[in-house]
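K.L.:
Take the sequence shown: its position 195, counting from 1, is numbered 194 in numbering that gives the first Met the number 0, and each next residue is one higher. So that we are looking at the same thing, I have put the structure below in structure tokens.
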Amino acid sequence: MKEKQGKIGFDRALKLRWLNATAEWTAHGFSPNEIRVRLDQLLEGEVAGEDSRSAKGKTKTVLLHIWTLVPDHLKPLRNEGLGLIGELPPNNQLAVHWGMCLATYPFFRVVVEATGRLIKLQREFTKAQIQRRVEEVYGTRETVTRATRRVLQSLVEWDALVEDKERGLYQANSLLNIANAKLAIWMTEAILASSDFSSATLTAVTQSPALFPFILTSLNPRDIEANERLELLRYGLDQEFVKLRERGRESELSVG
0 MKEKQGKIGF DRALKLRWLN ATAEWTAHGF SPNEIRVRLD QLLEGEVAGE DSRSAKGKTK
60 TVLLHIWTLV PDHLKPLRNE GLGLIGELPP NNQLAVHWGM CLATYPFFRV VVEATGRLIK
120 LQREFTKAQI QRRVEEVYGT RETVTRATRR VLQSLVEWDA LVEDKERGLY QANSLLNIAN
180 AKLAIWMTEA ILASSDFSSA TLTAVTQSPA LFPFILTSLN PRDIEANERL ELLRYGLDQE
240 FVKLRERGRE SELSVG
């Protein structure tokens, strides 16, 4: 596996209510600076520090990067995600935050993909087992060790994993069935946006280890064909691929 040299970025343990608040304020049109002020108040007493290099400052940076200060090519995905959070019941909202973490932080995908692969192999696993797999991609560095620990802490906080602290073991929590077709399509786009490849088989999407807490039962090829940012490709009798639509063609299809 080729070692990545990019920034880790996702190096804070995040609570769901922080993500919910950041998404809500972004949806309401608050500026990044206004959201920083609100996050200061939200994180008060929970995360230490005041300046941008403190634990609180870094936590704000991660939250803003996930929902507010996203790259231009991810803004359509982000905007639809904000709408979904407003429509979905609370138990489905984690899937939207998960998708945005995947799309905005490659490191997050590497950690959760390694976690998902281990879960397919065994019921319980250790932090060290995840760490070894992440180091194959990002190298052996203290920053990698620390960030991996923070991602795992986040997954426990979100109830995606259960941690047995006495034994130092993790295991998957109950799976969440994604029965909402619109959400399943959105998650398909998020997993493709997070990948080095712009296309994948439908089976690879629905069974992706990076989506280990979720079951995409409602993913329908017809819904993909109707989506302006995704394209369905068929090869032979039973091979179906989904890919991100080229941005130029997306613009053409959305006119009128």
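Glycine included, each C-beta is placed from N, C-alpha and C at the ideal position.
Comparing C-alpha positions only, which one of Phe213, Leu215, Thr200 and Asn226 sits nearest to Phe240?
P.N.:
Ranking Phe213, Leu215, Thr200 and Asn226 by Cα distance to Phe240 puts Thr200 first.
K.L.:
Please say whether Ser153 and Ala178 have beta carbons closer to each other than 8 Å?
P.N.:
Contact flag unset, no.
K.L.:
Please state the DSSP three-state secondary structure of Ala178.
P.N.:
It is coil, neither helix nor strand.
K.L.:
Decide yes or no for the touch test of the segment 117 to 133 against the segment 221 to 232: beta carbon pairs closer than 8 Å, at least 3 of them.
P.N.:
No, they do not touch.
K.L.:
How long is the line joining the alpha carbons of Gly8 and Leu236, rounded to whole angstroms?
P.N.:
Rounded to whole angstroms, Gly8 to Leu236 spans 42 Å at the Cα level.
K.L.:
Tell me where the beta strand (DSSP E) around Ala199 begins and ends.
P.N.:
Ser198 to Thr200 is the span of the beta strand (DSSP E), which, as asked, contains Ala199.
K.L.:
Taking just the CA atoms, how far does Ala203 sit from Asp195?
P.N.:
Each residue's alpha carbon lies about 14 Å from the other.
K.L.:
Opposite Tyr234 in the DSSP bridges: which residues?
P.N.:
Note: Tyr234 sits in a beta bridge opposite Gln238.
K.L.:
Taking Ala12 as the reference, which of Leu231, Thr58, Leu101 and Leu63 has the closest Cα?
P.N.:
It is Thr58 whose Cα lies nearest to the Cα of Ala12.
K.L.:
Could you check if Pro31 is buried or exposed, using at least 16 other CB atoms within 10 Å of its CB as the buried criterion?
P.N.:
Exposed, since its Cβ has fewer than 16 Cβ neighbours within 10 Å.
K.L.:
DSSP puts Val161 in a beta bridge; with which residues?
P.N.:
According to DSSP, Val161 bridges with Gln170.
K.L.:
Could you give the distance in angstroms between the alpha-carbon of Ala54 and the alpha-carbon of Val46?
P.N.:
Answer to the nearest angstrom: the Cα atoms are 6 Å apart.
K.L.:
For Tyr234, collect the residues of the same chain with a Cβ closer than 8 Å to its Cβ; drop the 5 residues on either side in sequence, then sort them by chain order.
P.N.:
Excluding sequence neighbours, Tyr234 sits near Phe240.
K.L.:
Got a sec? Which residues, its chain only, sit under 7 Å from Lys1 by beta carbon, not counting five neighbours each side?
P.N.:
At Lys1, the pLDDT of 44 sits below 50, so the modelled position is not reliable; the number obtained from the coordinates is stated separately. Hits under 7 Å: none found.
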